[in-house]
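Student: The structure is given below, and queries will be raised subsequently.
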Amino acid sequence: MMRITVVGAGWTGGLYGGVLARAGQEVGFLARGAHLQAIRSHGLQIRSADFGTFTVDAPASDDPADLGQADLVIFAVKMYDLELAAQALEVVLAPDGRVLTLQNGLEAPDHIARIVGPERVLIGTTALETTILEPGVIGHVSPGHVVTIAAYNGPPTDVVQHIAVTVREAGINTHIAGSGRQALWDKACMLIPIATVTSVCRTSVGQVRDVPEARAVVEKVLAELVAVALADGYDVSAARERAISMWGSLPAAWKTSMMRDFERGNRTELEWLTGALVRLADKYAVEAPVSRAIYGVLKLRQALEGAVAAPAGAAAAGG
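Residue 26 is where the sequence shown starts when you use my numbering, and the numbers rise one by one after that.
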(Lines of atoms letter the chains of each structure in order from A; the text may use other names.)
(Lines give C-alpha, C1' and ligand atoms only; values in the text may rest on other atoms or scores of the structure.)
Protein backbone atom coordinates (compact mmCIF):
# COMPACT_ATOMS: atom_id res chain seq x y z
CA MET A 26 0.00 0.00 0.00
CA MET A 27 1.25 3.46 -0.90
CA ARG A 28 0.68 6.48 1.31
CA ILE A 29 -0.67 9.25 -0.94
CA THR A 30 -1.62 12.84 -0.17
CA VAL A 31 -3.60 14.87 -2.68
CA VAL A 32 -2.82 18.59 -2.43
CA GLY A 33 -5.82 20.21 -4.06
CA ALA A 34 -8.79 17.87 -3.73
CA GLY A 35 -11.00 19.56 -6.31
CA TRP A 36 -11.24 18.65 -9.97
CA THR A 37 -8.38 16.43 -11.15
CA GLY A 38 -6.86 15.78 -7.73
CA GLY A 39 -10.16 14.72 -6.27
CA LEU A 40 -10.91 12.37 -9.15
CA TYR A 41 -7.59 10.56 -9.22
CA GLY A 42 -7.27 10.54 -5.44
CA GLY A 43 -10.73 9.04 -5.14
CA VAL A 44 -9.95 6.33 -7.68
CA LEU A 45 -6.69 5.45 -5.90
CA ALA A 46 -8.46 5.34 -2.52
CA ARG A 47 -11.10 2.99 -3.94
CA ALA A 48 -8.28 0.75 -5.17
CA GLY A 49 -6.99 0.38 -1.62
CA GLN A 50 -4.25 2.98 -1.44
CA GLU A 51 -3.91 5.04 1.75
CA VAL A 52 -5.06 8.45 0.47
CA GLY A 53 -5.53 11.72 2.35
CA PHE A 54 -6.86 14.98 0.93
CA LEU A 55 -5.67 18.51 1.65
CA ALA A 56 -8.70 20.67 0.92
CA ARG A 57 -10.52 23.73 2.19
CA GLY A 58 -13.85 25.46 2.65
CA ALA A 59 -17.19 23.89 1.85
CA HIS A 60 -15.55 21.16 -0.21
CA LEU A 61 -13.53 20.05 2.81
CA GLN A 62 -16.55 20.11 5.11
CA ALA A 63 -18.57 18.00 2.69
CA ILE A 64 -15.78 15.42 2.35
CA ARG A 65 -15.53 15.19 6.13
CA SER A 66 -19.28 14.82 6.54
CA HIS A 67 -20.25 12.58 3.63
CA GLY A 68 -17.04 11.35 2.00
CA LEU A 69 -15.77 12.28 -1.46
CA GLN A 70 -18.16 11.28 -4.23
CA ILE A 71 -16.98 10.64 -7.78
CA ARG A 72 -19.32 10.67 -10.78
CA SER A 73 -17.53 9.50 -13.89
CA ALA A 74 -18.38 7.69 -17.11
CA ASP A 75 -14.94 6.04 -16.93
CA PHE A 76 -14.83 5.13 -13.23
CA GLY A 77 -18.50 4.99 -12.28
CA THR A 78 -20.23 6.65 -9.34
CA PHE A 79 -18.84 5.89 -5.90
CA THR A 80 -17.95 7.48 -2.57
CA VAL A 81 -14.72 7.11 -0.61
CA ASP A 82 -14.22 7.87 3.06
CA ALA A 83 -10.69 9.18 3.48
CA PRO A 84 -8.91 11.61 5.81
CA ALA A 85 -9.30 15.23 4.75
CA SER A 86 -7.98 18.40 6.37
CA ASP A 87 -6.86 21.95 5.71
CA ASP A 88 -3.87 21.33 8.02
CA PRO A 89 -1.04 19.36 6.38
CA ALA A 90 0.13 18.12 9.78
CA ASP A 91 -3.09 16.12 10.16
CA LEU A 92 -2.29 13.92 7.18
CA GLY A 93 1.16 12.59 8.02
CA GLN A 94 3.98 12.04 5.54
CA ALA A 95 3.31 10.58 2.12
CA ASP A 96 5.25 8.39 -0.28
CA LEU A 97 3.55 10.24 -3.13
CA VAL A 98 2.04 13.71 -3.19
CA ILE A 99 -0.32 14.34 -6.09
CA PHE A 100 0.06 18.09 -6.48
CA ALA A 101 -3.08 19.20 -8.29
CA VAL A 102 -3.77 22.84 -7.44
CA LYS A 103 -4.21 25.47 -10.13
CA MET A 104 -1.08 27.43 -11.05
CA TYR A 105 -2.27 30.58 -9.31
CA ASP A 106 -2.35 28.67 -6.01
CA LEU A 107 0.96 26.90 -6.50
CA GLU A 108 3.29 29.02 -4.37
CA LEU A 109 1.08 28.97 -1.29
CA ALA A 110 0.08 25.34 -1.65
CA ALA A 111 3.69 24.26 -2.08
CA GLN A 112 4.38 25.28 1.51
CA ALA A 113 2.52 22.14 2.56
CA LEU A 114 5.13 19.94 0.90
CA GLU A 115 7.60 20.48 3.72
CA VAL A 116 5.09 18.79 6.03
CA VAL A 117 3.38 16.11 3.94
CA LEU A 118 6.27 14.76 1.85
CA ALA A 119 8.24 11.87 3.34
CA PRO A 120 12.05 12.13 3.12
CA ASP A 121 12.11 9.58 0.30
CA GLY A 122 8.76 10.64 -1.15
CA ARG A 123 7.96 12.07 -4.56
CA VAL A 124 5.77 14.92 -5.81
CA LEU A 125 3.78 14.35 -9.01
CA THR A 126 2.91 17.70 -10.60
CA LEU A 127 -0.29 17.76 -12.66
CA GLN A 128 -0.57 21.45 -13.51
CA ASN A 129 -1.32 22.98 -16.88
CA GLY A 130 1.47 24.86 -18.59
CA LEU A 131 5.22 24.38 -18.56
CA GLU A 132 6.50 25.84 -15.31
CA ALA A 133 5.14 23.93 -12.30
CA PRO A 134 7.83 21.23 -12.08
CA ASP A 135 10.59 23.84 -11.94
CA HIS A 136 8.83 25.70 -9.13
CA ILE A 137 8.41 22.51 -7.11
CA ALA A 138 11.98 21.35 -7.81
CA ARG A 139 13.29 24.55 -6.25
CA ILE A 140 11.38 23.72 -3.07
CA VAL A 141 11.90 19.97 -2.61
CA GLY A 142 14.82 19.24 -4.95
CA PRO A 143 14.68 17.95 -8.52
CA GLU A 144 15.31 14.35 -7.50
CA ARG A 145 11.96 14.30 -5.66
CA VAL A 146 9.86 15.68 -8.53
CA LEU A 147 7.94 13.70 -11.13
CA ILE A 148 6.47 15.50 -14.12
CA GLY A 149 2.88 14.58 -14.83
CA THR A 150 0.34 15.61 -17.41
CA THR A 151 -3.30 14.69 -17.71
CA ALA A 152 -6.01 15.14 -20.30
CA LEU A 153 -9.60 15.24 -19.09
CA GLU A 154 -12.29 17.65 -17.93
CA THR A 155 -13.49 17.61 -14.35
CA THR A 156 -15.54 19.95 -12.21
CA ILE A 157 -16.85 20.25 -8.68
CA LEU A 158 -20.56 19.55 -9.20
CA GLU A 159 -21.22 20.55 -5.60
CA PRO A 160 -19.08 20.51 -2.46
CA GLY A 161 -17.77 17.00 -1.97
CA VAL A 162 -18.81 15.80 -5.44
CA ILE A 163 -16.39 15.57 -8.37
CA GLY A 164 -17.77 15.21 -11.89
CA HIS A 165 -15.63 13.75 -14.66
CA VAL A 166 -17.40 15.27 -17.64
CA SER A 167 -15.11 14.59 -20.60
CA PRO A 168 -14.90 11.36 -22.58
CA GLY A 169 -11.84 9.38 -21.52
CA HIS A 170 -8.74 10.32 -19.55
CA VAL A 171 -4.99 9.77 -19.57
CA VAL A 172 -2.12 10.42 -17.16
CA THR A 173 1.50 10.67 -18.30
CA ILE A 174 4.32 10.32 -15.75
CA ALA A 175 8.02 11.09 -16.27
CA ALA A 176 11.17 11.77 -14.30
CA TYR A 177 12.08 15.42 -13.76
CA ASN A 178 15.41 14.83 -15.51
CA GLY A 179 16.55 11.92 -17.61
CA PRO A 180 14.86 8.66 -18.55
CA PRO A 181 12.25 6.87 -16.43
CA THR A 182 13.58 5.52 -13.13
CA ASP A 183 12.49 2.55 -11.04
CA VAL A 184 10.48 4.97 -8.89
CA VAL A 185 8.65 6.28 -11.96
CA GLN A 186 7.90 2.71 -13.02
CA HIS A 187 6.62 1.76 -9.56
CA ILE A 188 4.33 4.78 -9.25
CA ALA A 189 3.02 4.31 -12.79
CA VAL A 190 2.16 0.69 -12.01
CA THR A 191 0.33 1.73 -8.82
CA VAL A 192 -1.71 4.33 -10.70
CA ARG A 193 -2.42 1.98 -13.60
CA GLU A 194 -3.54 -0.85 -11.32
CA ALA A 195 -6.19 1.49 -9.90
CA GLY A 196 -7.75 1.59 -13.37
CA ILE A 197 -6.27 4.91 -14.48
CA ASN A 198 -5.00 5.04 -18.07
CA THR A 199 -1.31 5.70 -17.40
CA HIS A 200 1.63 6.20 -19.74
CA ILE A 201 5.33 6.63 -18.95
CA ALA A 202 7.09 9.35 -20.94
CA GLY A 203 10.76 9.21 -21.83
CA SER A 204 11.04 12.98 -21.40
CA GLY A 205 9.00 15.04 -18.98
CA ARG A 206 9.73 18.27 -20.84
CA GLN A 207 8.58 16.73 -24.09
CA ALA A 208 5.37 15.63 -22.38
CA LEU A 209 4.76 19.18 -21.12
CA TRP A 210 5.27 20.67 -24.57
CA ASP A 211 3.07 18.00 -26.16
CA LYS A 212 0.24 18.86 -23.79
CA ALA A 213 0.83 22.57 -24.38
CA CYS A 214 0.11 21.94 -28.07
CA MET A 215 -3.24 20.42 -27.16
CA LEU A 216 -4.24 23.08 -24.64
CA ILE A 217 -2.71 26.53 -25.07
CA PRO A 218 -3.91 27.42 -28.59
CA ILE A 219 -7.51 26.32 -28.09
CA ALA A 220 -7.66 27.76 -24.56
CA THR A 221 -6.27 31.08 -25.78
CA VAL A 222 -8.71 31.53 -28.66
CA THR A 223 -11.84 30.20 -26.95
CA SER A 224 -11.11 32.47 -23.97
CA VAL A 225 -10.79 35.62 -26.04
CA CYS A 226 -13.91 34.69 -28.04
CA ARG A 227 -15.85 33.52 -24.97
CA THR A 228 -17.10 30.49 -26.80
CA SER A 229 -16.94 26.71 -27.06
CA VAL A 230 -14.58 24.71 -29.21
CA GLY A 231 -17.39 23.84 -31.62
CA GLN A 232 -18.18 27.46 -32.40
CA VAL A 233 -14.53 28.23 -33.09
CA ARG A 234 -14.25 25.09 -35.20
CA ASP A 235 -17.25 26.07 -37.32
CA VAL A 236 -15.81 29.44 -38.38
CA PRO A 237 -12.84 28.95 -40.74
CA GLU A 238 -11.31 32.32 -39.88
CA ALA A 239 -11.45 31.55 -36.16
CA ARG A 240 -10.04 28.08 -36.69
CA ALA A 241 -7.18 29.68 -38.61
CA VAL A 242 -6.37 31.82 -35.57
CA VAL A 243 -6.10 28.70 -33.40
CA GLU A 244 -3.78 27.12 -35.95
CA LYS A 245 -1.66 30.29 -36.06
CA VAL A 246 -1.21 30.24 -32.27
CA LEU A 247 -0.31 26.57 -32.60
CA ALA A 248 2.30 27.36 -35.26
CA GLU A 249 3.84 29.99 -32.98
CA LEU A 250 3.92 27.47 -30.12
CA VAL A 251 5.60 24.87 -32.33
CA ALA A 252 8.31 27.42 -33.21
CA VAL A 253 8.88 28.35 -29.56
CA ALA A 254 9.05 24.69 -28.52
CA LEU A 255 11.64 24.02 -31.22
CA ALA A 256 13.69 26.96 -29.96
CA ASP A 257 13.48 25.39 -26.50
CA GLY A 258 14.84 22.14 -27.91
CA TYR A 259 11.65 20.10 -28.41
CA ASP A 260 10.09 18.89 -31.65
CA VAL A 261 6.31 18.86 -31.23
CA SER A 262 5.37 18.24 -34.85
CA ALA A 263 3.68 14.94 -33.97
CA ALA A 264 1.80 16.59 -31.09
CA ARG A 265 0.73 19.33 -33.49
CA GLU A 266 -1.02 16.80 -35.71
CA ARG A 267 -2.63 15.12 -32.71
CA ALA A 268 -3.86 18.47 -31.43
CA ILE A 269 -5.55 19.36 -34.71
CA SER A 270 -7.18 15.93 -34.81
CA MET A 271 -8.29 16.17 -31.17
CA TRP A 272 -9.87 19.60 -31.62
CA GLY A 273 -11.85 18.21 -34.54
CA SER A 274 -13.23 15.36 -32.45
CA LEU A 275 -14.14 17.21 -29.24
CA PRO A 276 -17.84 17.69 -28.43
CA ALA A 277 -19.05 20.98 -29.88
CA ALA A 278 -20.07 22.29 -26.45
CA TRP A 279 -16.69 21.55 -24.84
CA LYS A 280 -15.02 24.50 -23.11
CA THR A 281 -11.48 24.79 -21.82
CA SER A 282 -11.00 25.37 -18.11
CA MET A 283 -9.45 28.78 -18.76
CA MET A 284 -12.42 29.85 -20.87
CA ARG A 285 -14.82 28.70 -18.14
CA ASP A 286 -12.84 30.65 -15.55
CA PHE A 287 -13.08 33.81 -17.65
CA GLU A 288 -16.78 33.14 -18.19
CA ARG A 289 -17.38 32.86 -14.45
CA GLY A 290 -15.16 35.76 -13.43
CA ASN A 291 -12.78 33.44 -11.58
CA ARG A 292 -9.02 33.63 -11.33
CA THR A 293 -7.42 32.21 -14.46
CA GLU A 294 -4.22 30.51 -15.57
CA LEU A 295 -3.63 33.05 -18.34
CA GLU A 296 -0.14 33.93 -17.07
CA TRP A 297 0.95 30.29 -17.13
CA LEU A 298 -0.58 29.38 -20.48
CA THR A 299 -0.64 32.18 -23.07
CA GLY A 300 1.61 34.32 -20.89
CA ALA A 301 4.25 31.59 -20.64
CA LEU A 302 4.19 31.15 -24.41
CA VAL A 303 4.79 34.87 -24.91
CA ARG A 304 7.58 34.97 -22.31
CA LEU A 305 9.37 32.04 -23.94
CA ALA A 306 8.95 33.62 -27.36
CA ASP A 307 10.71 36.70 -25.98
CA LYS A 308 13.44 34.55 -24.40
CA TYR A 309 14.24 32.85 -27.70
CA ALA A 310 13.50 35.84 -29.95
CA VAL A 311 10.74 33.94 -31.75
CA GLU A 312 8.03 35.98 -33.45
CA ALA A 313 4.62 35.29 -31.90
CA PRO A 314 2.41 38.24 -32.90
CA VAL A 315 -0.95 36.48 -32.72
CA SER A 316 -0.33 34.96 -29.30
CA ARG A 317 1.02 38.28 -28.04
CA ALA A 318 -2.00 40.22 -29.29
CA ILE A 319 -4.53 37.83 -27.75
CA TYR A 320 -2.57 37.77 -24.50
CA GLY A 321 -2.79 41.56 -24.34
CA VAL A 322 -6.54 41.54 -24.94
CA LEU A 323 -7.09 38.87 -22.29
CA LYS A 324 -4.91 40.76 -19.79
CA LEU A 325 -7.08 43.84 -20.31
CA ARG A 326 -10.29 41.83 -20.03
CA GLN A 327 -9.04 40.24 -16.82
CA ALA A 328 -8.19 43.64 -15.35
CA LEU A 329 -11.50 45.23 -16.35
CA GLU A 330 -13.56 42.36 -14.99
CA GLY A 331 -11.69 42.16 -11.72
CA ALA A 332 -10.37 38.61 -12.10
CA VAL A 333 -6.85 38.21 -10.76
CA ALA A 334 -4.03 35.88 -11.67
CA ALA A 335 -2.09 36.21 -8.43
CA PRO A 336 -2.74 33.77 -5.60
CA ALA A 337 -5.47 34.66 -3.18
CA GLY A 338 -4.42 35.46 0.34
CA ALA A 339 -6.49 32.66 1.82
CA ALA A 340 -5.48 29.05 2.27
CA ALA A 341 -3.92 27.54 -0.80
CA ALA A 342 -4.48 23.85 -0.72
CA GLY A 343 -8.08 23.33 -1.58
CA GLY A 344 -10.32 22.66 -4.49
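Cβ atoms here follow ideal geometry from the backbone N, Cα and C, with glycine treated the same way.
Terminal residues of the continuous alpha helix (DSSP H) containing Ile197?
Tutor: As a position in the sequence shown, residue 197 is number 172, starting the count at 1. No alpha helix (DSSP H) contains Ile197, which DSSP labels as neither H nor E.
Student: If you run the structure through DSSP and keep just helix, strand and coil, what is Leu45?
Tutor: Locating residue 45 in the sequence shown gives position 20, counting from the first residue. Correct three-state label for Leu45: helix.
Student: Just tell me which of Val31, Leu131 and Thr173 has its CA closest to the CA of Asn198.
Tutor: On the sequence shown, residue 198 is found 173 positions in, with the first residue counted as 1. When only C-alpha atoms are compared, the closest one is Thr173.
Student: Need the endpoints of the beta strand (DSSP E) that Pro120 sits in, please.
Tutor: Residue mapping note: residue 120 aligns to position 95 of the sequence shown, counting from 1. Residues Leu118 to Thr126.
Student: Once you ignore the five residues that flank Ser86 on each side, which residues in its own chain have a CB closer than 7 Å to its CB?
Tutor: The residue you call residue 86 lines up with position 61 of the sequence shown. Once the five neighbours on either side are set aside, the close Cβ partners of Ser86 are Leu55 and Leu92.
Student: Check whether the Cβ atoms of Met346 and Glu244 lie closer than 8 Å to each other.
Tutor: This structure cannot speak to residue 346, because the chain is shown only from 26 to 344.
Student: Judging by CA-CA distance, which residue of His170, Gly35 and Pro218 is the nearest neighbour of Asp75?
Tutor: The residue given as residue 75 occupies position 50 in the sequence shown. Comparing Cα-Cα distances from Asp75 to each of His170, Gly35 and Pro218, the minimum goes to His170.
Student: Please classify Arg345 as buried or exposed, where buried requires at least 16 neighbouring CB atoms within 10 angstroms.
Tutor: Residue 345 lies beyond the residue range present for the chain, which begins at 26 and ends at 344; the question has no answer from this structure.
Student: Under a Cβ-count criterion, where at least 16 other Cβ atoms within 10 Å of its own Cβ denotes burial, should Leu329 be classed as buried or exposed?
Tutor: The residue given as residue 329 occupies position 304 in the sequence shown. Under this definition Leu329 is an exposed residue.
Student: Between which two residues does the alpha helix (DSSP H) holding Ser73 run?
Tutor: The residue you call residue 73 lines up with position 48 of the sequence shown. Ser73 -> not in any alpha helix (DSSP H); beta strand (DSSP E) instead, spanning Leu69 to Ser73.
Student: Report the three-state DSSP secondary structure of Leu158 (helix, strand or coil).
Tutor: Counting from one through the sequence shown, the residue named residue 158 turns up at place 133. Reduced to three states, the DSSP call for Leu158 is strand.
Student: Kindly indicate which three-state DSSP category Glu294 falls into: helix, strand or coil?
Tutor: Translated into the one-based positions of the sequence shown, residue 294 becomes position 269. Three-state result, Glu294: coil.
Student: Determine the extent of the beta strand (DSSP E) in which Leu97 is found, giving its start and end residues.
Tutor: As a position in the sequence shown, residue 97 is number 72, starting the count at 1. Segment Ala95 to Phe100, the beta strand (DSSP E) holding Leu97.
Student: Hey, could you find the ends of the alpha helix (DSSP H) Thr223 is sitting in?
Tutor: Along the sequence shown, one-based indexing puts residue 223 at 198. Here the alpha helix (DSSP H) through Thr223 covers Gly205 to Cys226.
Student: With a cut-off of 8 Å on the beta carbons, I'd call Val233 and Thr221 a contact; round off their distance for me.
Tutor: In the sequence shown, the residue the question calls residue 233 occupies position 208. In the sequence shown, the residue the question calls residue 221 occupies position 196. Val233 to Thr221, Cβ: 11 Å. No contact.
Student: Check Gly58 in the structure and name its three-state DSSP category.
Tutor: For the purposes of this step, residue 58 is identified with residue 33 of the sequence shown, where counting begins at 1. Gly58: helix per DSSP, three-state reduction.
Student: Assign Ser316 to one of three DSSP states: helix, strand, or coil.
Tutor: On the sequence shown, residue 316 is found 291 positions in, with the first residue counted as 1. The answer is helix: DSSP assigns Ser316 an H, G or I state.
Student: By the DSSP assignment, the alpha helix (DSSP H) with Leu273 in it spans what residues?
Tutor: Within the sequence shown, residue 273 is the residue found at index 248, counting from 1. What sits at residue 273 in the sequence shown is Gly, not Leu. Note, Gly273: alpha helix (DSSP H), Ser262 to Ser274.
Student: Considering just the uninterrupted stretch of the alpha helix (DSSP H) at Arg139, what are its terminal residues?
Tutor: Residue mapping note: residue 139 aligns to position 114 of the sequence shown, counting from 1. Element bounds for Arg139: Ala133 to Val141.
Student: According to DSSP, is Leu92 part of a helix, a strand, or is it coil?
Tutor: Numbered from 1 along the sequence shown, position 67 holds the residue referred to as residue 92. In this structure, Leu92 counts as helix in the three-state DSSP scheme.
Student: Pick out whichever of Pro181, Glu238 and Glu159 has its Cα sitting closest to the Cα of Leu144.
Tutor: Looking up residue 144 in the sequence shown gives position 119. The question names Leu, but residue 144 is Glu in the sequence shown. Among Pro181, Glu238 and Glu159, the Cα nearest to that of Glu144 is on Pro181.
Student: Are the Cβ atoms of Thr126 and Trp36 separated by less than 8 Å?
Tutor: Looking up residue 126 in the sequence shown gives position 101. Looking up residue 36 in the sequence shown gives position 11. Result no, Cβ atoms of Thr126 and Trp36 do not sit closer than 8 Å.
Student: List the residues that DSSP assigns as beta-bridge partners of His170.
Tutor: For the purposes of this step, residue 170 is taken as the residue at position 145 of the sequence shown. In the DSSP output, where bridge partners are listed per residue, His170 has none listed.
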